[in-house]
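Have a look at the structure below, then the notes.
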Amino acid sequence: MRKLILIVVVLIAALAFSNGLSASLPTLSKIFLNKEIVLPPEKVKIVSEESVVIDIVEKISPSVVTVGVEQRIINFDPFDLFARPQSRQEEQDIGSGFIVSSDGLIVTNKHVVSVPGKYKVITHDGQKYDVESIYRDPINDIAIVKINATGLKPVEMGDSSKIKVGQLVVAVGTPLGEFRGSVTQGIVSGIGRGITTGSPYGSFAEKLDDVIQTDAAINPGNSGGPLVNSSAQVIGVNTAVASGAENIGFALPINIIKESIENFNKNGQFNRPYLGIAYKILTRDVAVLNDVPQGAYVQDVVSDSPAEKAGIQEGDIIIDIDGKKITEGVNEVATVIAGHKIGDVININIWRNGKTSKVKATLVAAPNQ
């Protein structure tokens, strides 16, 4: 009898323990499941960012080129003053560019190919091509070079009007003329910046407005290379760096390049309106200090230009063009002229020796730079 009672007690205890364990299992499973699905968020973010950059580079790299030039190097013997100098031809990488058509049209900066010389293009796979022709935009720091090639991979162009400050960007090029296909990563630091570049002559874009600022490392040799978004679309052309600063680079918005390419495709060259003056903007403070009106002080007039034919002289101050008051960074002469077409007649209000007068000028095609 005692054994029977003992067996019953043991069975009841086992049953109670089993029920308690079953009731606690959901709670325990939740705890363990929660521990399994909670991953360190920072680790996931880093892996994702790396993957994006790697994908960008793999997509854009085949369309990025290096621009080189053949230079003549002269060597002198310092120990023999009467020895004949020895010369040799040497190739030097000087800039970057990117392919915009499969048949060999390449975009780079105008300052990369600004001097006469025998230029070459080196593609991602190491193939070298002689540059057959160069077309330079007289307004912007843009040039299109043509090589004899087929089957090239053109870039995909984005929309620079949709750029946001803080978005990821990647710059690709040949920094210092040595390291082909180098990649740097950063963000868009600012938009709508203005930088001084190019020729000071009227309509030659003394100042480039609306450029993109980035902290992606840009060095000499990166000029002309693409600035790319996270979708591997080109949103800018790397153009300049701020002197005396670190991680401040600038790129021309791709929408400007689109307009230039469209202009080029229609005419086979860059046709831009041209006035033909060199000028300096007089700010309000400078104008008040010198008791003259605010505007563009004419420093030089190009011979046989529309400005000269209109009677504009050195020392004149251009107050407004077609009613648009000339002011620094808003309506500069270059900006106003760029908004016109070749053949347009513009009305210019000038100040000379205390008197104002109006003249008319007919814009012509700017000479190829």
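Take the sequence shown: its position 14, counting from 1, is numbered 123 in my numbering, and each next residue is one higher.
Think of the CB as a built atom: it goes at the ideal place given N, C-alpha and C, for glycine as much as any other residue.
On a predicted model such as this, the values are computed, not experimentally measured, just so you know.
Check, Outcome
"Among Lys-168, Val-161 and Glu-417, the one whose alpha carbon lies nearest that of Gln-276", "Val-161"
"Alpha helix (DSSP H) runs contained entirely in the region 326-400, provided each spans 4 or more residues", "363-376 and 393-398"
"Straight-line gap, Gly-345 to Ile-321 (C-alpha atoms, nearest Å)", "7 Å"
"Cα-Cα separation, Ile-208 to Ala-280", "15 Å"
"3 or more residues per run - each beta strand (DSSP E) lying fully within the region 403-430", "404-410 and 426-430"
"Straight-line gap, Glu-368 to Gln-201 (C-alpha atoms, nearest Å)", "31 Å"
"Integer-rounded CB distance, given that Ile-253 should sit under 8 Å from Tyr-244", "5 Å"
"Proximity test, Gln-408 beta-carbon vs the ligand MN heavy atom, cut-off 6 Å", "As far as ligands go, the structure on display features none, and thus does not contain the ligand MN."
"Same chain, Cβ closer than 6 Å to Gly-282, five either side skipped, listed in chain order", "Ser-205, Asn-331 and Gly-334"
"Host beta strand (DSSP E) of Val-279 (start-end)", "277-282"
"Neighbour-count burial assignment, Pro-362, 16 or more Cβ in a 10 Å radius", "buried"
"Whole-Å CB distance - Ile-251 paired with Asn-218, under 8 Å assumed", "7 Å"
"Residues near Leu-214 by beta carbon distance below 7 Å, same chain, minus five either side", "Ile-253 and Lys-255"
"Burial state of Lys-450 (16 or more Cβ within 10 Å)", "exposed"
"Pair within 7 Å by beta-carbon distance, Asn-347 and Ile-327", "yes"
"Neighbourhood of Lys-237 by C-beta distance below 7 Å, restricted to the same chain and skipping five residues each side", "Lys-229 and Ile-231"
"Cβ-Cβ separation, Gly-448 to Val-410 (assumed contact under 8 Å), whole Å", "Incorrect: roughly 21 Å between the Cβ atoms, too far for contact."
"Distance between Pro-415 and Val-473 (C-alpha atoms, nearest Å)", "7 Å"
"Span separating the alpha-carbon of Phe-359 from that of Gly-424", "33 Å"
"Where Val-397 falls, given that 16 or more other Cβ within 10 Å makes a residue buried", "exposed"
"Boundaries (first-last residue) of the beta strand (DSSP E) holding Ile-215", "214-217"
"Span of the beta strand (DSSP E) around Ile-253", "252-256"
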